[in-house]
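Per the working numbering, the sequence shown starts with residue 54, numbered consecutively. Glycine included, C-beta positions come from ideal geometry on N, C-alpha and C. Because the structure is a prediction, the values reported are computed rather than measured. Worksheet: one structure, shown below.
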Amino acid sequence: MSRAPGPVLVDCRMARRRETGGARYARELAARLPGEHDVRVVYGPPPLPRRNALTTLGNLLLDLAWTHIALPALAARHRAAAIHSTFNWAPAWAPCPRVVTVHDLSWEHMPEAYPAGFRAYARVFTRASSRRADRVIAVSRATADDLTGLYGVRADRIDVVYTGVDGIGVGGPADTPRERVVLHVGEFEPRKRVPTLIEGFARFAGTPAGRGWRMVLAGRGGADAERVAALVDATPGVEALGFVGDDALRRLYGSSALLASVSRFEGFCLPVAEALAQGCPVMVARTPALVEAGGGDAVVVDEPVDAAAVAAALERATADPGALAARGARGRDHAAAFTWDACVAGTVASYDAAGRARGAAA
C-alpha cells in the first residue's frame, strides 16, 4: 500500500443532509468502506434545521469551521493517511493527502437558479478544493470534463468513479409486468424541470396514445415545490408521493413502464441508473450526464425541452410496448457496471494514488 499506516478519514457530513444523490453517496460509502479498509468515518457537528436565512448562515459557518479547522486537526491527532471529502469542498490545508469527490458544477451551468452568495461560495471553494487536492474523484465523465474545462484541473489528477446503484436491491425478472406509469424521482429544483414534465405529460395523457397512463412523482422539496404541488392538484392522473424509502423506491422502479428525467443539468443522475438496474426504461434530456447515465437505449428529448417536446417523446417512447421493454432489458446490462463494490474499489485506488502523489512531491 502507498498510504501511511493511519486511517483514512472519510468526511460524511453530507449524509446528514437532504435526501439527495450526494447524501446517498456519502451514506453508502460510510456503510461500505470501513468493513474492508482502514477507514474512519466522521460526520462533524449536526446541521441546524433549515428555517431561515439565519440558520442558513449558521450552517455555512459550521461547514467552514468543520472543513478547514476541525477536520485537519482531527487528521493530525489520528495521524491520518488521508482525508476524503465526499462533497465538493476539501480543507484548505491538511497534514496528509486530500481526496475530494466533486458531484457537479451546476452553478456554472445554471447561475440563475442559485443565490449570488451560494454561487460565489461554491465557485471559490470547489475550484480551490479540486485544484489543491492530491486526487479528485468525479462521479461521471461529464463532471470530469467540466473540472478540466471550467476549473483547469489536470485530467491526470481526476479519477472517474461511478456511484453504485445496487444499494436498493436487485431488480426482478425482466418480464415482470409493468403498469402504465411515468415515474420521476428527485427534488423539485428548477434545473430538473418537473413542471415542464407534468405539463408535457398532461398533453400526452390528453391524446389517444396517452389514455390510461399515470404519472407518479417520488420526491419533495426544492424551489419549485409549490409550483409542482399546484400542477399536481390541477392535472388528472398525476400523483405526488413525497419522499419514499428504498423498499418503496425499488417497487416503483420495478413496476413503472418508464422513468423520465428532463433535467437541464445533472452531475450523474442516480435515479436514471437505478431505474435501469431494475429494468425500467428511461427517457432523458440530451444533457451530457443524463445521456452518460442512460446509455444508448435511453429515449432522448432534444432541446428545447418544453411541454410539446416532452409529450412527443412520451408518445414516441410508448408507441411500441415491446420495444420499450427491450430498452429496459438492455438498460439493465448498461447499469450492471454501476456497483458499490466498483465504487469502493475505485475510491480506495484514489486514496493510494493520493498517497503516491504526496510522496513524490515530498
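- Excluding five sequence positions before and after R66, the CB atoms of its chain that fall closer than 6 Å to its own CB belong to Y96, G97, given in chain order.
- Cβ-Cβ distances below 6 Å link E161 to L203 in the same chain, with the five nearest sequence neighbours on each side left out; the list follows chain order.
- Excluding five sequence positions before and after R69, the CB atoms of its chain that fall closer than 7 Å to its own CB belong to Y96, P99, P100, given in chain order.
- By the neighbour-count criterion, in which a residue is buried when 16 or more other Cβ atoms sit within 10 angstroms of its Cβ, T400 is buried.
- A direct Cα-to-Cα measurement between A143 and R385 gives close to 35 Å.
- Looking only at E356, V363, S316, R369, the smallest Cα-Cα distance to A346 is reached by S316.
- One thing to note: V269 has its Cβ within 7 Å of the Cβ of L236.
- In chain order, I221, V238, A271, E327 place their CB closer than 8 Å to the CB of L302, counting only its own chain and leaving out the 5 sequence neighbours on each side.
- Judged by beta-carbon spacing, V206 lies beyond the 7 Å limit of H137, meaning their Cβ atoms are not closer than that value.
- As for any beta strand (DSSP E) of minimum length 3 sitting wholly inside the stretch 303 to 379, the runs are 309 to 314, 335 to 338, 352 to 354, ordered along the chain.
- Within the same chain, and ignoring the five residues on either side of A145 in sequence, the residues whose Cβ sits closer than 6 Å to its Cβ are H121.
- In terms of Cβ geometry, C396 and V214 form a close pair [threshold 7 Å].
- G298 and R246 have their C-alpha atoms some 23 Å from each other.
- Per DSSP, V177 lies in no beta strand (DSSP E) segment; the continuous alpha helix (DSSP H) that holds it begins and ends at 169 to 185.
- The beta-carbon distance between L311 and T371, rounded to whole angstroms, is 7 Å. This is short enough to meet the 8 Å contact definition.
- According to DSSP, residue pairing for A293 in a beta bridge involves L270.
- Contact between G307 and A258 does not hold, since their C-beta atoms are separated by about 23 Å, which reaches or exceeds 8 Å.
- In this structure, A129 lies near P148, with their beta-carbon atoms less than 7 Å apart.
- Sequence-distant partners of W119 (beyond 5 residues in either direction) whose C-beta falls short of 7 Å from its own C-beta, in its chain, are R66, G97, P98.
- Per DSSP, the unbroken alpha helix (DSSP H) holding A278 starts and ends at 278 to 287.
- The shortest C-alpha to C-alpha distance from A365 to any of T260, A390, V344, G375 is the one to T260.
- Take A181, set aside five residues on each side of it, and the residues of its chain with a beta-carbon closer than 8 Å to its own are A145, in chain order.
- Bounds of the beta strand (DSSP E) holding H237 are 232 to 238.
- Ranked by Cα distance from G253, the options L294, P168, A361, W393 are led by A361.
- Of the other Cβ atoms in all chains shown, fewer than 16 fall within 10 Å of the Cβ of R264; this residue is therefore exposed.
- Contact check for W393 against R93 fails: the beta carbons are separated by 7 Å or more.
- DSSP places H387 within a helical segment (H, G or I) once states are collapsed to three.
- For R103, the number of other beta carbons within 10 angstroms of its own is below 16, and it is reported as exposed.
- Counting of Cβ neighbours within 10 angstroms places G295 among the exposed residues, the total staying below 16.
- As summarised for the stretch 74 to 162, the continuous alpha helix (DSSP H) elements at least 4 residues long and confined to that stretch are 74 to 89, 106 to 118, 124 to 130, 159 to 162, given in chain order.
- The three-state reading of DSSP puts V63 in strand, counting E and B together.
- Considering only F391, G348, A398, the residue with the shortest C-alpha distance to G217 is F391.
- Rounded to the nearest whole angstrom, the CA to CA distance from E232 to S309 is 5 Å.
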